[in-house]
Every structure is written in C-alpha cells, then in structure tokens.
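Before any comments, here is the structure.
Number of protein chains: 4
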Amino acid sequence: MRNTAILLIHCPDQRGLVAAIANFLLSHNANILHADQHQDGERILFLMRVEWDLSDFNLDLAGFGKAFAPIAERYRMEWRLETSIARPRLAIFVSKYDHCLADLLYRHQSGELSCEIPLVVSNHPDARPIADFYRIPYHHIPVIPGGADEAERRQLELLEQHQVDTLVLARYMQILSRDFVARYPQRILNVHHSFLPAFSGARPYHRAFDRGVKLIGATSHYVTETLDDGPIIEQDVARISHRDQLEDLLQKGRDLEKAVLSRAVRWYIEHRILVYANKTVIFD
Amino acid sequence: MRNTAILLIHCPDQRGLVAAIANFLLSHNANILHADQHQDGERILFLMRVEWDLSDFNLDLAGFGKAFAPIAERYRMEWRLETSIARPRLAIFVSKYDHCLADLLYRHQSGELSCEIPLVVSNHPDARPIADFYRIPYHHIPVIPGGADEAERRQLELLEQHQVDTLVLARYMQILSRDFVARYPQRILNVHHSFLPAFSGARPYHRAFDRGVKLIGATSHYVTETLDDGPIIEQDVARISHRDQLEDLLQKGRDLEKAVLSRAVRWYIEHRILVYANKTVIFD
Amino acid sequence: MRNTAILLIHCPDQRGLVAAIANFLLSHNANILHADQHQDGERILFLMRVEWDLSDFNLDLAGFGKAFAPIAERYRMEWRLETSIARPRLAIFVSKYDHCLADLLYRHQSGELSCEIPLVVSNHPDARPIADFYRIPYHHIPVIPGGADEAERRQLELLEQHQVDTLVLARYMQILSRDFVARYPQRILNVHHSFLPAFSGARPYHRAFDRGVKLIGATSHYVTETLDDGPIIEQDVARISHRDQLEDLLQKGRDLEKAVLSRAVRWYIEHRILVYANKTVIFD
Amino acid sequence: MRNTAILLIHCPDQRGLVAAIANFLLSHNANILHADQHQDGERILFLMRVEWDLSDFNLDLAGFGKAFAPIAERYRMEWRLETSIARPRLAIFVSKYDHCLADLLYRHQSGELSCEIPLVVSNHPDARPIADFYRIPYHHIPVIPGGADEAERRQLELLEQHQVDTLVLARYMQILSRDFVARYPQRILNVHHSFLPAFSGARPYHRAFDRGVKLIGATSHYVTETLDDGPIIEQDVARISHRDQLEDLLQKGRDLEKAVLSRAVRWYIEHRILVYANKTVIFD
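Chains L, F, D and X supply the protein sequences, listed in that same order.
For the record, in the first sequence the residue sitting at position 206 is 206 according to our numbering, with numbers rising by one throughout.
Going from the second sequence to our numbering is simple: count from 1 and add 284.
Going from the third sequence to our numbering is simple: count from 1 and add 568.
Going from the fourth sequence to our numbering is simple: count from 1 and add 852.
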C-alpha cells in the first residue's frame, strides 16, 4: 500500500482556491494522485479532497498545519489532514443480529478494510464465536433496565483503553445517550434498516410491510443527537413483491444492511466522507 | 389481440378453492392462458387472477355472474370479471408539467396501452399542443381560488359525458375533494414525486435535497381520502450524488415519474392489480 | 418449518390441466399453500409448481407416483416430487477465493439455507479455517497437472460416501470433465464472474475493464458440457465508473458473486427452479 | 444559462499539472465552477475537465490556443476547448422505430438538451409527423439495395448544408460506410439494444430471449469502423422473468434505449465525455 496523505477542505468558494492549494503542494514536491473538488452552487461552498504520495513530499507532516495556516486562514478553510498509514481504530458494537458484524470482520480479514478493529462490544453474548474466529476481543457489557449509564461508563473505559477513535453500530439495538454521542462527533456510524427518512424509529420492516411499499431499503448514517437524523452516508433498496412475506423482507433487508454499512465503513476509512449542512459529500 | 376474460378473486383461504374454480371454467370449455394465485399466510387470504381464451368458452359473459354465484357464495369471494375487448376509458388530468402526459400519449399511440383516452383535462392551457398532436380532446378547466367546487362540477360533467371510468393524475397539482374521490374508488391513479411514505405532501424533491438522501424516488398509487396514503402500485428510485443539484433531482425525477406512472397504467389496463388491506397485489 | 410437498411439472399445454391437478390433490385432501403456473405461449408449454401441506394429506408419498401416473401419462407430463423435510445434501467446491464459501456457510448456519452441507472440497488448503469454524469437514484434494482424472475419482468417492446429491461450485477454478458433469445433470451450480454471455471463459473482469463497460455482472447457472453455457439461474450487475480500477471491479464483483450464487442455492433448495429449453423458470 | 468555457485535457501524468493549469486560468481571472480530474494509475495518464465562468475571464477565446500552447507542449497535452454558448448541431438519424426520436425531441423542446437539431434524416417516411410536431425539418432519404453510396452522398450534402457537427443514430437500422464514419470521429452516437459486448449485431432481444438471460440491456456508444465496438458511453439493464415473452423484452428494451441514448446525448452536449484507449471517461 502506498504511503499517502489526504487533505479534506471546505470553505466559502472564491477565485484562486485551486491554484493556492496546488501551488502549496507543488512547492513541497507533492505528487498528486487524486484530486476531486466540488462547488455547491447554492451555498457558494468549495469542497475538496486531494491525496498525494508522501515518498517525495518534503514537508514534515507534524509541521503541515503551521505551513498551511496562511492559506487556510486567508480562505477561511475548515480542513483536516489524514494519512493512509494511520489506520483508524474501530470498535464494532453489535446486539444479537450478527450478519453485519460477520460481514465486516470477513472484509477486514480479507484486506478490504484498512483499519484496526481492537474490539467488539455487545450487550449480548451471542456474537462471541464469530469475533473469536477472527481473533477480535469480544466484550460483553449487558445493558440492564436502568443500567444504561453504567454500561456506557464501562464502554467508554474500554474505548479509551483501546484508543478507539470510531464506533460502528452494526445493528446495535441500544440508543446511546446524548453525552456519549457528543464525544464522537462524526465518528459513530450506524445502519438503519429502512430507506430514511421513511420508517425511522422502531420495527421499520414491519411498517414497510404494512404500508405495502414495493421497495425496501437500508441506510448508513452518522449518529447525532436526534435519532435516525444524522447525515446519510449511503442507501440502497431491493424490490419486493406481494409474494414476499415479512420473513422475506427481513432476509432481503439483511443483505441491504451489510451492503450500505460496509460501503460506509470503507469510505470512512479511506477518508472519502466530508460532512456539511447535515449532508455528506462522498469523494469517490 | 386475443379476446380473453380475466377473473380477479380474493376470499378467505380454504381447501378446494383452486379445484372449484378450475372445474367451473373447464365445465364451460375455458382454455386457461394464465393463472396466478397467492396465499397471504398472515391474513389467511386467497388471491387469484385467471385469464382464459373466450373463443371456445360456452358461457355467455352476461350470464357469468349467475352461473358463478354458487361458488362465489360458498367461498365468500369478492370477485370481478373483466374482458380484454372492453377497453377502459381513461381521462388524463395534467397541470403544467407535461412529461408524464407526453409519455402516456406516446405509449398509447404506439399500442403499448390498450385503452381509450377520450379526453385530457387540465387547469392550465399549456399542454394543449401535445394533446392536439395525438388528437385527444383537451379541456381547459381553470381552478381559481374558491372555485374548486365549480371546477369539479364541470369535470364530472365531462367525465360522465365521455363515459370515463378511470382517472390518471399525470402531475395534476390540485387536490381533489373527498366527494370527488369517493366517486371513483380504486379508479384514480396518481404519481407522487417521492419514495412514499418519505416526503409525502408538497415539494418532495426540495426536501429530499435538503435531507441529503442518496436515492430519490417516485411512487404511483391509488388516490384515497387521505393525501398520498392510498395503496401503492409501483415505486422506483435513482441514485444521486453530491454533484446533483436540485435541478438534477427534478430531471432524474421526471424519468422516474414517467416510469412508475406508465407501469401502473399498463397494469391497471391489463387488470393485473388487486387491492386489499390498503396494499396492492400485482399479478405479473 | 412446515412439512410440505412440492410438485414440479412441465408438459404440452392443453385444456383441463389445472383442473386435473387440483382435483387430484383435493381428492387426497391436500391443502395447497402456493401454486404458480406458467404458459409458454411460443412453445405451447405448461409449467407448474404447486406446494401443499402434508399434515392432512392422505396419500402416502411412496405411492404418489403410482396414483399420479394416469394423469401424468394422459397429459405427457415430466414431473418430480420433492418434500421440504428431505433436505438436499450439498457439497461446496472452492479454490482459493473463499468469499462465496464464507457467505454460503454463514447463511446456512443462520438458517437461511435449508440444506445439509456434509463437506467442502477444495484443490487448495486455504479455505480450511472458515469451514472448520462452521464445523463442515474440509477435504483438500489437490489437482496436479495431468492428475485431474485421479482428483475427480477421489472427489466422486467422497461424494458417494457422503450421499451428496448436489454440487455448488463457489469459485472453484477447475474445469470438470464431461463424464463428471454427466453424473449430476441439473445438479451442479456454478457462479461465473461476468454477465453471461459476455466475457465467458477466463479473466472476465480484466476483459470487462479493457472493454470499458459501465456495468459489471455475475451469473449463477447450471453446469453443462459446454463451458459457461448452461441454463442461467440468476444474474446481477453493479455500476462502475472510470474511477474504478481493476481492483475495484474485483471487489464489487465479489459482492455480486455472493448475491447471485446464494440466491441460486436458495431457489434450488426450495425447489423453485424448473429447466427447459436450456432456460430456467424461477417460481418465486 | 451561464456563459462558460470547458477545457478537456489528457496527457501523461506528472507532477505540477494541476498547479500549471490552475495558475494559467487564475492569471486570466477565471472563476472555476467545476473541476474534475482523474489519474489512470495503470496507464499513468492524467485526465481533466475544468469549467469556468467567462464573465470576468480576460483572455479572448480566439487567442486561447496560443496562450495555452506553452503549457500544452510542456506537458504533451491533448486538449480541446468548448463553450456553453456554442451549442452543438445534431442530426438525428432514425428508421421506423421512433421511440428514441420522440424522447430526444421532447427533451430538446423542454430545455433538457442544450443543442440545435437542424434536421432529422430517415430512410423511411414513418417518423415525419413527430418531427413536424416539434418543427424539425425531416428528410426522407430511402436506402435501396445497392444505393447506400448514393444515400450517403445525399446525407453528407445535407449535413454540410446544415453545418451539422454530430450525428445521433436513434435506432437507425442502416450500417454506415467506413468512409462516412471516418468523417465524424467521436461524433456519431449510437444506441445498441443489448448489453454490449453481449449480443452485438442483429436481433439482440431475440438472442437474449433464447439464451434465457435474467436481465436485458441497452448500450450507447460512439460509432467506429468496427460494428458495435466503439467506446461505450452508457449502459443500463432491466430485470426480466420467465413471464416476459419476446414482446415484453422489446417493450422494456425501448425504455432502456431511450434512457441510455438520452444520457449519452446530454453528456456529449455538456462536453463531459473524454475518450481514450477505446474507453470513455464521463466527468459527472
């Protein structure tokens, strides 16, 4: 794998932005591998992702911020710098349904997901064997009625101890507290088993079945304070017919959930997601 | 085109239903061309569509009801009989956006839709040329504030005069009154420019854009008393990205609207739709 | 799970078929759960799948053939009877790529596939751990140059010993001999990593990439004497763009392969596939 | 509509390219609206599309080539400059099937396609009424056996007379001569009614039906000397089942053909297509 740096920027759109960034990178001998920019015409916003090879880059990354500051300030940029070698550290949260977990762990082991997964956290013991198989430590933290705070306290302890920076809720059926969520802004990915904003909340497949929709969906999104309302990362749908009973919806839905969550995780890991105005830009 | 009869049935599921129907048809020398049945396991319902060739059928259709009555009563069937030669008479309602109208009229003229279209009704004069081209009489009935009742009165007069049995709302932007809708139960088809139940009501593309969904949709459905809540006939979606501005959503949406409305109209004309429990079975 | 029987029939289409079958089943007190029939108008063929509950059925299945013979002969039917409790016994063949194997084993363990999998056969040792995890015996039978016959002999021995009736080639990269294939007519399922008939044969993703197609596909099909030419069971596609390099095609392709093969296996197990004229009818 | 310029470039990839182009445009006061670049890692190629507002641009476009030459030469670029106000002049060629023609003319009239359509050419008289309705001159040039050369001579005369720069073959069922094609390199768009490279050549739907595929497709592509082998611009597919007879394939296919051809035409008009290595990059 190449050793690259990725710069994600958004700022008010104005003349000279591309040249300023390109010249800065060139002045430090960067070889740009990919660059993608987008102008949101309605909001007069400029959004960019640029990735370059670090092998000839002559600026130490520790000093990047200081060197880049004049440009960033002049154009009022919000920016962040990532590198391909600093692999994100993900904790996967799961309850009883383990199809997303099994899918993510398989992809991780086969090299499709360039991240560390130091642990799996669950409020049930059921998914332990699959985690064991992939040699990922499994922590069973039950959530008893009235004990959510205590469970979150233990979870946070583990997350800190394992230096986790990102949470993936792979059909984790507990609602996290506002405080907990606030600690990981744009760092908690969830999969909801409907085509949001339709059927937000509980039992979406049952409600889709009752409404008689002709397509069911699944949505991966960032978790925010408001349930099922965070920025959408990916969605997909599958066709159903009157021949499909509720059981069939659940089964087709599982495949959708795996697809949209695994794509979201990959894009997250590759630093392809930029959030603004409660929406995402996916630099593909 | 073949001269066929179509029988649509739904009733409580019980043993012997298929044999009873098949024997009845055979006893009158029917040659079955298509038969499709469906058991809704949750509601213990039996639903069937059967189509047969009328050329050797030795029962006069006028007498069908009387002859079939013993079976229908025994099994407590709700049923209706249709024939391929009795072409439905559709009125298309349109406002300013004429893409669905143009699409339906092209399909009608090219033989894809086996129906009569005795008239187009609009609250605007804009779509007259395309109706003229396809030689369909165009009736401009403006709907002024406070004048909806009067407009509906004139519309009903026209519909009766032209012996219209079905209404197709092809982006007709007026809400029909409860009384009007009640006159055409399961006989008014509408297209809504969202993936229902998401974004029911006004300006769905704007709201989809603001929410940052990754797929937009369109839905064709029967009109009932409650806005955008009738039985769904067909839905489809298209992928969008951050590169798509509102204008692009509108354009991709137009293609979806044409697709889902024209499929609904064709299935309706071919007597493939059976409604129960506010859902549709599409016998394909 | 219900204890049901499934009857699959194809024969020349003629009047009275549905009644004859329905009456036969009713006379033995069958409660029909699903029935689906199809008339191929071009070939004047009748094809049917009917499934009924065995709990009240008063004909011993061992005697079904004798009792059904008069009808079958009169209408010149080709038919077969299956039951839901007689779970098919599948051997999965795999080479190095284990994504389809892992997917099938997960679905099997989670109850999505109602079959027995007595063994996995591979020409490589690589996939053993995943088979071990799911507790499926793994047989490594290397295929050395000039040693294909010997390998097939050992495979056949194993298949007989384990009373295997069906083979699933889950990215098994060896070509089976004509004799081997002839022993399992319509009982070997394969997945080919292209949208057949495009890119049959070797290295389909490479050739798709070179041709610059905008969608890549995968196909599950029955294996026949002619390579990649057997009856197609299922196909699916994924959109690609110029941003996708060969590596991305391979990755998107893996998800397609899992999808089309697992659907084919499920339909096979549920006795939903009927082959005629080198095509399949999927009774859904 | 904005008055913009579009620059399309491809050249060997090397350091400094983005900066060189951005600085050049900035030095002439360009306000970049969109920029998209792509590095083909296998071929070490750099491909770019950049669009800017001309309102403040202080370089006369007539002098662009001279001013840009030093950069273009230094980086060995192949490039072309287009403007949004220079609307391409398209001739649509059609035979008897007029669904693509009707679709394109509707989209043109409704403002979706920013081009001129000075004429429609056909070897049949059938499509004249729809061209008349949209007020596009219709030229009926029959192609009799042995008379293809003469027909092409007359077509070329018309194309020159109307200053046509681009041809759209909207189900034009004649094969153009090698000489004719050579006059319009990357300027003839065709729609083929299959998922290329499957079923190239004649009667693709019939062959798809016979092969028993589960999806049918359509492909828009540039015409080159070799039949159905030019760079693919867009493809799409639709699901079919055993219930679909040949007639249904033809009908579903028509909708696919309209979709893929109209998208290709729009991308062409918006200068979003770049061809290299017999493939297309679509800058979306």
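The C-beta atom is built at its ideal place from N, Cα and C for all residues, glycine as well.
Output, in chain order, the set of chain D residues within a Cβ distance shorter than 8 Å of residue i.
i, result
"Thr1078/X", "Simply none; closest approach about 12 Å."
"Gln458/F", "Going along chain D, no residue has its Cβ under 8 Å from Gln458/F, so there is no contact; the nearest lies around 38 Å."
"Gln251/L", "Glu680"
For residue i, tell me which candidate among the options has the shortest Cα-Cα distance.
i, options, result
"Val168/L", "His10/L, Arg89/L and Asp255/L", "Arg89/L"
"Asp950/X", "Leu971/X, Glu964/X and His976/X", "His976/X"
"Cys967/X", "Ile1125/X, Phe1047/X, Pro922/X and Ala938/X", "Ala938/X"
"Val497/F", "Ser504/F, Thr503/F and Tyr489/F", "Tyr489/F"
"Tyr1156/X", "His992/X, Asp1017/X and Met900/X", "Because chain X here runs from 853 to 1136, residue 1156/X falls outside it and cannot be looked at."
"Asp324/F", "Phe209/L, Gln39/L, Leu196/L and Phe195/L", "Phe209/L"
"His886/X", "Asn1130/X, Arg1124/X and Leu953/X", "Arg1124/X"
"Val405/F", "Leu440/F, Arg467/F and Gly430/F", "Leu440/F"
"Ala1159/X", "Asn1130/X, Asp908/X, Ala979/X and Glu1086/X", "Residue numbering for chain X in the displayed model covers 853 to 1136; residue 1159/X lies beyond these limits and cannot be assessed."
"Phe417/F", "Asp297/F, Asp433/F and Gln393/F", "Gln393/F"
"Asn31/L", "His10/L, His38/L, Ser55/L and Glu42/L", "Ser55/L"
"Arg1118/X", "Glu1004/X, Ile988/X and Glu964/X", "Glu964/X"
"Ala148/L", "Phe180/L, Tyr276/L, Ile117/L and Ile130/L", "Phe180/L"
Quick check on DSSP: helix, strand or coil for residue i?
i, result
"Ser27/L", "helix"
"Ile355/F", "helix"
"Leu744/D", "coil"
"His867/D", "Past the boundaries of the shown model lies residue 867/D; chain D is included only from 569 to 852, so the question cannot be answered."
"Arg980/X", "helix"
"Lys664/D", "coil"
"Leu338/F", "coil"
"Arg15/L", "coil"
"Val995/X", "coil"
"Val465/F", "helix"
"Glu1002/X", "helix"
"Glu326/F", "coil"
"Leu911/X", "coil"
"Ile136/L", "coil"
"Ile85/L", "coil"
In chain X, which residues lie less than 8 Å from residue i when you measure between Cβ atoms?
i, result
"Asp568/F", "Ser1093 and Arg1095"
"Glu610/D", "Gln1097 and Leu1098"
Give me the chain F residues within the contact set of residue i, using Cβ-Cβ distance strictly less than 7 Å, ordered along the chain.
i, result
"Lys214/L", "Ile516, Glu518 and Gln519"
"Ala770/D", "Result: empty, since nearest Cβ-Cβ is about 32 Å, beyond 7 Å."
Based on the DSSP output, what are the partners of residue i in its beta bridges?
i, result
"Met48/L", "Ile9/L and Gln37/L"
"His761/D", "Beta-bridge pairing links His761/D to no other residue."
"Ser398/F", "Its beta-bridge partners do not exist; DSSP assigns none."
"Ala91/L", "Leu119/L and Leu167/L"
"Lys279/L", "Tyr276/L"
"Ile884/X", "Trp904/X"
"Glu646/D", "His578/D"
"Ile756/D", "Leu735/D"
I want to verify the contact list: residues of chain D whose CB lies under 7 Å from the CB of residue i, in sequence order.
i, result
"Phe133/L", "Phe701"
"Tyr106/L", "Ala670"
"Lys1131/X", "Gly780"
Determine the chain L residues that contact residue i at a beta-carbon separation under 9 Å, and present them in chain order.
i, result
"Arg867/X", "Leu26, Asn29, Ala30, Asn31, Ile32 and Asp56"
What in chain F is Cβ-close to residue i, meaning under 8 Å?
i, result
"Asp905/X", "Those do not exist, as Asp905/X stays about 16 Å from chain F at its closest Cβ, beyond 8 Å."
"Ala587/D", "Ala303, Ala306, Asn307, Leu309 and Leu310"
Got a sec: does the ligand GDP put a non-hydrogen atom nearer than 7 Å to the Cβ of residue i?
i, result
"Arg751/D", "Absent from the structure shown: the ligand GDP. Ligands present: none."
Could you work out which residues of chain X lie near residue i, taking near to mean beta carbons separated by less than 9 Å?
i, result
"Ala72/L", "Those within 9 Å of Ala72/L in chain X number zero; the least Cβ separation is about 17 Å."
Can you pull the chain L neighbours of residue i, defined as C-beta to C-beta under 8 Å?
i, result
"Ala869/D", "What is shown of chain D runs 569 to 852, which leaves residue 869/D out entirely."
"Ala482/F", "Phe195, Leu196, Pro197 and Ala198"
Can you list the residues of chain L that residue i reaches, using a CB-CB cut of under 7 Å?
i, result
"Ala857/X", "Those do not exist, as Ala857/X stays about 15 Å from chain L at its closest Cβ, beyond 7 Å."
"Ala919/X", "Chain L residues near Ala919/X: none, gap ~16 Å exceeds 7 Å."
Q | beta strand (DSSP E) segments (min. 3 residues) lying fully within the segment 201-276 of chain L | A | 215-222, 232-239 and 273-276
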